[in-house]
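Q:
2 protein chains.
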Amino acid sequence: MDDEEARTRLLDAAEELFYRHGIQAVGMDRIRTASGVPLKRLYRLYPAKETLVTAYLERRDRRWTTGLREAVTGAAEPVPAVFDWLARWFSEPDFRGCAFLNAYGELGAAAPEVVRAHKAELHALLTELVPAGAPPALADQLLILVEGAAAVAALSPGPEPALRAREVAEALVRQ
Amino acid sequence: MDDEEARTRLLDAAEELFYRHGIQAVGMDRIRTASGVPLKRLYRLYPAKETLVTAYLERRDRRWTTGLREAVTGAAEPVPAVFDWLARWFSEPDFRGCAFLNAYGELGAAAPEVVRAHKAELHALLTELVPAGAPPALADQLLILVEGAAAVAALSPGPEPALRAREVAEALVRQ
DNA sequence: GGGCGCGGAGAACGTTCGTTCTCCGGCTCC
DNA sequence: GGAGCCGGAGAACGAACGTTCTCCGCGCCC
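Chains as they are written, first to last, in my numbering: chain A, 1 to 175; chain B, 1 to 175.
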């Protein structure tokens with residue numbers, strides 16, 4: 001097992017545990033056990049828990065944004081495609097809301113800056129998707145629909161919140 | 001200082017600290033210092049931290065739901081009034097998102113059931129507000145708008161998310 | 001007024017956390 | 001083949017947590 005594989009195993013374990021149980025509720029020893037990476041190597045690759053938390057959020061941000069981008073680029077109707085993608089995400093068995101909103105709610109001002117960056121990226125992506133002549137507030141409204149669907153789905157999982165938000169979004173872009 | 005005042009002081013301190021810093025980041029000793037209530041009395045009134053957390057969320061739930069109800073009952077247009085009330089809430093200087101969503105994000109399955117109850121109450125209130133002939137999905141969509149505005153405002157405070165959501169809600173109820 | 005009991009102040013306890021250290025086996029290099 | 005070093009396993013450390021205990025001073029009753 002080289003350092004690269006150890007990093008992957010650590011991030012896999014950290015993502016699963018941090019996302020499911022919250023960040024403060026998961027100790028480094030639990031990540032060590034789940035990943036099989038010795039503590040010494042863990043602290044060589046990530047010198048403190050905070051760096052592991054940041055790396056977990058950054059990798060998840062890359063995967064999430066890339067997945068959404070791939071799902072909507074080339075789609076005939078990109079805005080509804082966003083919510084179809086959300087519906088699939090909300091239906092994953094271990095879905096538990098937006099990891100970045102959860103991290104911000106838990107850590108507050110101490111949350112790493114990738115949390116803000118994630119929301120800025122999402123807003124930028126939505127801005128690209130709205131038609132050229134649309135009012136500038138449309139991207140803000142779509143952002144509210146995306147976040148709202150995720151927040152509602154966090155407490156009652158399933159695709160329904162995404163479908164309800166999709167209906168609203170379709171009505172918005174038609175105008 | 002009788003027990004009733006001690007309870008108030010404890011809940012005030014707990015609300016301020018839990019809401020600002022998160023639940024796990026605040027120790028009982030910090031609540032003792034902030035409230036001025038001795039540890040012995042604290043544990044007589046709330047035998048464990050979990051009971052204090054639940055009491056904090058239950059009181060906040062009562063205040064929040066009552067405040068929203070009072071703001072919309074009797075309003076000429078109750079649905080937009082919801083978002084005007086949200087705009088004022090988001091503008092409070094220490095606004096940091098929905099305490100119940102934050103608690104759920106932090107505690108996950110270990111969150112007290114008042115978190116779910118809070119969302120159910122909000123959904124019920126929105127159901128009362130929609131016109132009689134409206135499609136049943138409308139309340140779900142309004143819930144998404146409320147939650148989404150709160151989530152967006154958590155990271156970029158100010159009334160704007162509520163105003164954007166209000167515009168969408170007005171378009172929805174007009175149909 | 002003297003024993004008594006309640007409540008306040010904070011020390012103390014056991015556990016858990018993040019992080020570091022110790023020990024030891026196995027590989028490398030001459 | 002032997003010395004030296006790197007990495008693994010897990011004990012150990014200091015701090016912080018939730019919770020309990022000890023001590024002490026003050027008010028009450030006869």
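Note that the Cβ used here is the ideal one computed from N, Cα and C, for glycine as well.
State the CB to CB distance for the pair residue 72(A) and residue 131(A), rounded to an integer number of angstroms; the pair is presumed to be in contact (CB under 8 angstroms).
A: To locate residue 72(A), count along the first sequence from 1; it is residue 72. To locate residue 131(A), count along the first sequence from 1; it is residue 131. Contact doesn't hold; Cβ gap of about 14 angstroms is too wide.
Q: Quick one: Cα of residue 139(B) to Cα of residue 119(B), how far?
A: For this step, residue 139(B) is matched to residue 139 along the second sequence. For this step, residue 119(B) is matched to residue 119 along the second sequence. Cα to Cα, the separation comes out at about 12 angstroms.
Q: From residue 56(B) to residue 74(A), what does the alpha carbon distance come to, in whole angstroms?
A: Numbered from its first residue, the second sequence carries residue 56(B) at position 56. Numbered from its first residue, the first sequence carries residue 74(A) at position 74. Each residue's alpha carbon lies about 48 angstroms from the other.
Q: What whole-angstrom Cβ distance do residue 100(A) and residue 115(A) have, given they're in contact under 8 angstroms?
A: Position 100 of the first sequence, counting from 1, holds the residue named residue 100(A). Position 115 of the first sequence, counting from 1, holds the residue named residue 115(A). Their Cβ separation, rounded to whole angstroms, is 5 angstroms, which keeps residue 100(A) and residue 115(A) in contact under 8 angstroms.
Q: Could you give the distance in angstroms between the alpha-carbon of residue 129(A) and the alpha-carbon of residue 77(A)?
A: Indexing the first sequence from 1 puts residue 129(A) at position 129. Indexing the first sequence from 1 puts residue 77(A) at position 77. One C-alpha to the other measures close to 9 angstroms.
Q: Tell me the DSSP secondary structure of residue 141(B) in three-state form.
A: Looking up residue 141(B) in the second sequence gives position 141. The answer is helix: DSSP assigns residue 141(B) an H, G or I state.
Q: Using the rule of at least 16 other Cβ atoms within 10 Å of the residue's Cβ for burial, across every protein chain shown, is residue 141(A) buried or exposed?
A: Within the first sequence, numbered from 1, the residue matching residue 141(A) stands at position 141. Buried, by the Cβ-count rule.
Q: Within the 9 angstroms Cβ cut-off, does residue 68(B) reach chain A?
A: Residue mapping note: residue 68(B) aligns to position 68 of the second sequence, counting from 1. Residue 68(B) does not count as touching chain A.
Q: Mind checking if residue 30(A) is an interface residue toward chain B, Cβ cutoff 9 angstroms exclusive?
A: Translated into positions along the first sequence, residue 30(A) becomes position 30. Output row for residue 30(A): interface = no.
Q: So is residue 35(B) in contact with chain A if we call contact Cβ pairs under 9 angstroms?
A: Locating residue 35(B) in the second sequence gives position 35, where the first residue counts as 1. False, the Cβ-Cβ gap to chain A never drops below 9 angstroms.
Q: How far does the alpha helix (DSSP H) with residue 28(B) in it reach, from first residue to last?
A: Translated into the one-based positions of the second sequence, residue 28(B) becomes position 28. Run containing residue 28(B): 28 to 35, per the alpha helix (DSSP H) assignment.
Q: Less than 9 angstroms separating the beta-carbons of residue 52(A) and residue 68(A)?
A: In the first sequence, counting from the first residue as 1, residue 52(A) sits at position 52. In the first sequence, counting from the first residue as 1, residue 68(A) sits at position 68. Not in contact: residue 52(A) and residue 68(A) (Cβ atoms no closer than 9 angstroms).
Q: Given this structure, state the Cα-to-Cα distance separating residue 7(B) from residue 89(A), to the nearest angstrom.
A: Along the second sequence, read from residue 1 onward, the residue named residue 7(B) stands at position 7. Along the first sequence, read from residue 1 onward, the residue named residue 89(A) stands at position 89. Each residue's Cα considered, the two are about 43 angstroms apart.
Q: Does the Cβ-Cβ distance between residue 106(B) and residue 106(A) come in under 9 angstroms?
A: Here the question's residue 106(B) lines up with position 106 in the second sequence. Here the question's residue 106(A) lines up with position 106 in the first sequence. Yes, they are a contact pair.
Q: Using a Cβ-Cβ cutoff of less than 8 angstroms, which residues in the same chain neighbour residue 84(A) once the five nearest sequence positions on both sides are dropped?
A: Stepping through the first sequence from its first residue, residue 84(A) is reached at position 84. Result list for residue 84(A): 71, 162, 166, in chain order.
Q: If you measure from the beta carbon of residue 40(A) to each beta carbon in chain B, is any gap under 9 angstroms?
A: Start at 1 with the first residue of the first sequence, and residue 40(A) comes out as number 40. Judged by the 9 angstroms Cβ criterion, residue 40(A) is not in contact with chain B.
Q: How about residue 168(A) and residue 23(B): are their beta carbons less than 9 angstroms apart?
A: By one-based count along the first sequence, residue 168(A) stands at place 168. By one-based count along the second sequence, residue 23(B) stands at place 23. Result no, Cβ atoms of residue 168(A) and residue 23(B) do not sit closer than 9 angstroms.
Q: Expressed to the nearest angstrom, what Euclidean distance is found between the alpha-carbon atoms of residue 64(A) and residue 98(A)?
A: The residue you call residue 64(A) lines up with position 64 of the first sequence. The residue you call residue 98(A) lines up with position 98 of the first sequence. Going by the C-alpha atoms only, they are around 10 angstroms apart.
Q: Once the 5 residues before and after residue 20(B) are set aside, which same chain residues still bring their CB inside 7 angstroms of it?
A: As a first step, residue 20(B) is located in the second sequence; it is residue number 20 there, counting from the start. Taken in chain order, the residues that qualify are 94, 96.
Q: What are the boundary residues of the alpha helix (DSSP H) that residue 59(A) is part of?
A: Here residue 59(A) refers to the residue found at position 59 when the first sequence is read from its first residue. Here the alpha helix (DSSP H) through residue 59(A) covers 49 to 72.
Q: Could you tell me the distance, in whole angstroms, from the CA atom of residue 134(B) to the CA atom of residue 50(A)?
A: In the second sequence, counting from the first residue as 1, residue 134(B) sits at position 134. In the first sequence, counting from the first residue as 1, residue 50(A) sits at position 50. The alpha-carbon atoms of residue 134(B) and residue 50(A) are separated by roughly 49 angstroms.
Q: Nearest CA to the CA of residue 175(A): which residue from 87(A), 136(A), 37(A), 152(A)?
A: Here residue 175(A) is taken as the residue at index 175 of the first sequence, counted from 1. Comparing Cα-Cα distances from residue 175(A) to each of 87(A), 136(A), 37(A), 152(A), the minimum goes to 136(A).
Q: Name the chain A residues whose beta carbon is nearer than 8 angstroms to that of residue 161(B)?
A: Start at 1 with the first residue of the second sequence, and residue 161(B) comes out as number 161. The contacting residues are 140, 144.
Q: In chain B, which residues lie less than 8 angstroms from residue 147(A) when you measure between Cβ atoms?
A: Within the first sequence, the letter at position 147 stands for residue 147(A). Simply 147, 148, 151, 152.
Q: Residue 47(B): buried (16+ other C-beta within 10 angstroms of its C-beta) or exposed?
A: For the purposes of this step, residue 47(B) is identified with residue 47 of the second sequence, where counting begins at 1. That one is exposed.
Q: How big is the Cα-Cα spacing for residue 124(B) and residue 33(A)?
A: Numbered from its first residue, the second sequence carries residue 124(B) at position 124. Numbered from its first residue, the first sequence carries residue 33(A) at position 33. Roughly 44 angstroms separates the two Cα atoms.
Q: According to the neighbour-count rule (16 or more other Cβ atoms, all chains shown, within 10 Å of its Cβ), is residue 147(A) buried or exposed?
A: Here residue 147(A) refers to the residue found at position 147 of the first sequence. Buried, by the Cβ-count rule.
Q: According to the Cβ coordinates, are residue 86(A) and residue 104(B) closer than 9 angstroms?
A: Along the first sequence, read from residue 1 onward, the residue named residue 86(A) stands at position 86. Along the second sequence, read from residue 1 onward, the residue named residue 104(B) stands at position 104. The answer is no: Cβ separation not under 9 angstroms.
Q: Excluding the five sequence neighbours on either side, which residues of its own chain have a C-beta within less than 6 angstroms of the C-beta of residue 153(A), listed in chain order?
A: The count along the first sequence starts at 1 and reaches residue 153(A) at position 153. Excluding positions up to five away in sequence, the list reads 90, 161.
Q: Which same chain residues, not among the five before or five after residue 30(B), have their C-beta less than 7 angstroms away from its C-beta?
A: Here residue 30(B) refers to the residue found at position 30 of the second sequence. So the list reads 17, once near-sequence residues are dropped.
Q: So for residue 79(B), helix, strand or coil by DSSP?
A: Here residue 79(B) corresponds to residue number 79 of the second sequence, with the count starting at 1. Residue state, collapsed to three classes: helix.
Q: Would you please verify whether the beta carbon of residue 158(B) is less than 9 angstroms from any beta carbon of chain A?
A: Residue mapping note: residue 158(B) aligns to position 158 of the second sequence, counting from 1. It does not: the Cβ of residue 158(B) has no partner Cβ on chain A nearer than 9 angstroms.
Q: What residues from chain A crowd round residue 133(B), counting only those whose CB sits closer than 7 angstroms?
A: Taking the second sequence and counting its residues from 1, one reaches residue 133(B) at position 133. The premise fails here: residue 133(B) is roughly 17 angstroms from chain A at the closest Cβ pair, so nothing lies under 7 angstroms.
Q: Whose CA, out of 151(A), 117(A), 126(A), lies closest to the CA of residue 82(A)?
A: If you number the first sequence from 1, residue 82(A) lands on position 82. Of the candidates 151(A), 117(A), 126(A), the one whose C-alpha sits nearest the C-alpha of residue 82(A) is 126(A).
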